[in-house]
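Working notes, structure below.
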Amino acid sequence: MQPASRRVANLSYFLTRAARRLPDRSAILWGERRWSWRDLDGRVSALARALARRGIVKGDRILVHARNGNGIIETMLAAFRLGAVFVPTNFRLTPAEIGFMATQSGARAFLCHGDFPEHAEAVRAARPDLAVFGWIEGAGADALDAWIAAEDAAPLRDADVEYDDPCWFFYTSGTTGRPKAAVLTHGQMAFVLNNHLNDLMPGTTERDASVVVAPLSHGAGVHAMTQIACGAVTILPAGERLDPAEIWSIVATHRVTNMFTVPTILKLLVEHPSLAAADTSSLRHVIYAGAPMYREDQKRALAALGPVLVQYFGLGEVTGNITVLPPALHVAEDGPEARIGTCGIERTGMMVEIQDPEGRPVPPGTDGEICVCGPAVFAGYWENPKANAESFRNGWFRTGDLGHMDAEGFLFITGRASDMYISGGSNVYPREVEEKILAFPGIVECAVLGVPDPLWGETGIAVVVPQAGAQVDSAALLAFLGERLSRYKLPRHVFVQEALPKSGYGKITKALVRQDLEARGLLPLPATPRDKVA
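When we follow UniProt numbering, the leftmost residue of the sequence shown carries the number 1, and every step to the right adds one.
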């Protein structure tokens, strides 16, 4: 039998629907600026026409490097509307990293925020054949605002798409730290958005409001799509840097009901003195993900905000859809019911299994690799068959995280199969940092590992061994790394010693390095001073 077409609604149809039903209601607020759903739909249609006029067609990848703003939302929706693929970057990445992504993704267009001319130069150097280049928040003929102004803003029909048509390349990394593009599709993302609304913020409608406190290029962008699906307004802070007082003012003024954040940001918000005078009674769902949250921080947030916390665990490859710990399961007092350390239960429609190295399920309470299956799992890595073969086994996606489930199905993460650590909600892969360190003159061995940090969740330290007779200036090394790595990847402290502990097979193991530092009283590190927060 011939398989039937798996046609689905284009993700930009959520905008089409909102503009038709709620034309004059606010879609985006940013400082003093406002866009209604009619305004947003018109700008997205005009931008899609401008991109099509420049040769962009269904399936083309559009690389976008931008800070938060209406521009990144508009480019995302314009890409979807054309059936093209939205390829956002982390704006903290270096020009060289963005140049690599431009090549690896096979992008035909690059849309860059005006604050990043060095990144634009790197992409042009890496991809001189790039078909389309435009500036977000820029000036001149190549500015997106100029393109939009020159085009018809009448409603444009969304491109026909099928379930497996790619819509988003969500960049993640393997244990080597080399970026990989997780392919998200229109059908898979439609499930994700429905699942987010069902499991994370049930009851969300056009009467709700959300404030953006994390980069829209990743999890916060998925969260923004859920607001578009419901016709709820998205509010962008006016400043580029996180200002807790501004966030709490927005919550009170606009009666914000939900937000997506990471534990480090939530901690800063909760501990800021401006919270004491803020009216937060409108909040129903304060969602955090990206890293574990310390229990004491969790209790402080519950005491300050009430029963509104929602935790989820997930990876870019599963678009956050693995487990959820809803408000009713966040317990303020320690005890058996608190299940300290859990990241919750399986998301609706998803299945989690703890497996041994051979792929067999293990009994409750037994550690193993966390594996997952269900409609939220991505379509695979773009042009990376080796990574696909390593990441899937018997239909299960292997997360690379280690953990166990209790008899009731609550998941506990106990470690990572790789040495990757999470600092401020961003993944850091030690091998990438180590390779840069070993390029510094006079260093023959090194080890980078993540250690607990009460502010950032985890932070990196480097242990280096100099050549015989050589000396290593820690400040010079960090300055050297600062020119080659994004700031969040930089080690916070450098230890210089004559040798690294090794296993009986002569291998450097992170466990032995950590144990050695602890035995000498060098770990744990003191808390990050507040005046050093970027």
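Beta carbons: idealized from backbone N, C-alpha and C, even for Gly.
Here the structure is a predicted model, which is why all the values come from computation and not from measurement.
Within the same chain, T226 come within 6 angstroms of H196 by CB-CB distance, once the 5 residues on both sides are set aside.
M189 is classed as buried because its beta carbon has at least 16 other beta carbons within 10 Å across all chains shown. When only Cα atoms are considered, L11 and A96 end up about 31 angstroms apart.
H285 and R300 have their alpha carbons spaced roughly 16 angstroms apart. At a Cβ-Cβ threshold of 8 angstroms, T234 and V212 count as neighbours. Going by C-alpha positions, E408 is about 37 angstroms away from R431. Scanning its chain for C-beta atoms nearer than 7 angstroms, with the 5 sequence neighbours on each side dropped, one finds around E458 the residues Y421, I422, S423, G450, V451, P452, in chain order.
If you look at T459, you'll find it in the beta strand (DSSP E) that goes 457-466. In the displayed model, T348 falls within coil according to three-state DSSP, outside both helix and strand. Spanning the alpha carbons of G395 and M351 requires a straight line of approximately 12 angstroms.
Rounded to whole angstroms, the Cβ separation of A462 and K510 is 12 angstroms, and the two are not in contact under 8 angstroms. It is roughly 8 angstroms from the alpha-carbon of Y294 to the alpha-carbon of P454.
In the DSSP assignment, M405 forms a beta bridge with L411. A direct Cα-to-Cα measurement between T89 and F116 gives close to 12 angstroms.
Separation of E240 and G69 (C-alpha to C-alpha, rounded to the nearest whole angstrom) is 10 angstroms. Three or more Cβ pairs drawn from the region 130-138 and the region 69-84 lie within less than 8 angstroms of each other, which places the two stretches in contact. T342 is bridged by DSSP to F412. One thing to note: F170 has its Cβ no nearer than 8 angstroms to the Cβ of W382. Where P117 is concerned, the enclosing alpha helix (DSSP H) starts and stops at 117-126. Classified as exposed, P441 has fewer than 16 neighbouring CB atoms from the shown chains inside 10 Å of its CB. Per DSSP, R21 has no beta-bridge partner at all. Excluding the 5 residues flanking it on each side, L512 has same chain C-beta neighbours closer than 6 angstroms at P501, in chain order. Residue ranges of uninterrupted alpha helix (DSSP H) with 4 or more members, entirely inside the region 52-111 and ordered along the chain, are 70-82, 95-105. Secondary structure at Q188: helix, using DSSP grouped into helix, strand and coil.
Distances from the CA of V57 to each of A150, E434, E435, A84 were compared; the closest alpha carbon is that of A84.
Counting the other Cβ atoms within 10 Å of the Cβ of G140 gives fewer than 16, which makes it exposed. Here the alpha carbon of M101 sits roughly 8 angstroms from the alpha carbon of P179. Taking a cut-off of 8 angstroms on C-beta distances, the region 326-339 does not touch the region 351-365, as fewer than three cross pairs fall below it. A distance below 8 angstroms separates the beta carbons of A232 and D208. Looking at the DSSP output, C371 shares a beta bridge with E353, R398. The Cβ-Cβ distance between P237 and I228 does not fall below 8 angstroms. A straight-line Cα-Cα distance of about 38 angstroms links G400 and V44.
Looking only at T319, D297, S282, the smallest Cα-Cα distance to L269 is reached by D297. P202 and N427 have their C-alpha atoms roughly 29 angstroms apart.
Y294 carries a coil assignment under DSSP once its states are collapsed to helix, strand and coil.
If you draw a straight line from the Cα of G114 to the Cα of V8, it comes to about 35 angstroms.
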